[in-house]
Amino acid sequence: MSTSSKAKNAKGSEVVSLDSLAQQKRDALPEACTFELRGVTFTLQPFNSLPMDLQERMAGPEDYLSILRAALSDEKVQEMIDAGYTLVELEVVANEWMKRSGVQPGESAASSGS
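Counting in the working numbering, the sequence shown runs from 2 upward without gaps.
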């Protein structure tokens with residue numbers, strides 16, 4: 002289904018272009034979802050559309066605050082803090098976002114296609 006390039010690198014090995022396949026995966030991502038909690042409305046893009054360097058910035062897989070800062074903005078996260086979000090509510094947001102993004106609990110973004 003995907004088209005691959007038959008180009009050769011300097012050593013004569015085949016170079017396979019993944020651009021088309023990656024575009025198909027991006028196109029298949031679900032739509033952004035808008036949530037509301039404690040009067041704060043925010044829209045999150047599909048989890049797997051987050052930038053790859055986010056994993057470097059996270060303290061761990063449940064570092065929901067860093068994930069939200071990357072996905073939203075510092076201002077929106079501050080609005081959530083000012084509204085009194087609790088860690089339980091932060092977990093609810095994360096779980097619902099993952100579910101609506103098609104990511105199973107415990108599944109990392111890197112392994113979602115396997």
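Note that CB positions come from ideal geometry on N, CA and C, so glycine has one too.
Treat the numbers as computed from the prediction; the structure is a model and nothing was measured.
Do Leu-51 and Ala-72 have their CB atoms nearer than 8 angstroms?
Indexing the sequence shown from 1 puts residue 51 at position 50. Indexing the sequence shown from 1 puts residue 72 at position 71. Against a cut-off of 8 angstroms, the Cβ pair of Ala-72 and Leu-51 comes out as a contact.
Quick test of the definition: if touching needs 3 or more C-beta pairs under 8 angstroms, does the region 14–33 touch the region 55–67?
Judged by Cβ distances under 8 angstroms, the region 14–33 makes no contact with the region 55–67, as fewer than three pairs qualify.
Going by C-alpha distance, which of Asn-96, Thr-42 and Pro-31 is nearest Ser-74?
One-based indexing of the sequence shown puts residue 74 at position 73. Selected option, being the one with the closest Cα: Thr-42.
Provide the residue span of the alpha helix (DSSP H) that contains Val-78, from first to last.
If you number the sequence shown from 1, residue 78 lands on position 77. It spans 75–83 - the alpha helix (DSSP H) in which Val-78 sits, taken as one unbroken run.
Quickly, what does DSSP pair Leu-45 with across the bridge? List them, please.
For the purposes of this step, residue 45 is identified with residue 44 of the sequence shown, where counting begins at 1. For Leu-45, which the question treats as bridged, DSSP gives the partners Cys-34.
Can you give me the start and stop residues for the alpha helix (DSSP H) that Gln-24 sits inside?
Mapped onto the sequence shown, residue 24 falls at position 23. It spans 20–28 - the alpha helix (DSSP H) in which Gln-24 sits, taken as one unbroken run.
Determine, using beta carbons only, whether Leu-38 and Glu-90 come nearer to each other than 8 angstroms.
What you label residue 38 is simply residue 37 of the sequence shown in a count that begins at 1. What you label residue 90 is simply residue 89 of the sequence shown in a count that begins at 1. Yes, the Cβ-Cβ distance between Leu-38 and Glu-90 is below 8 angstroms.
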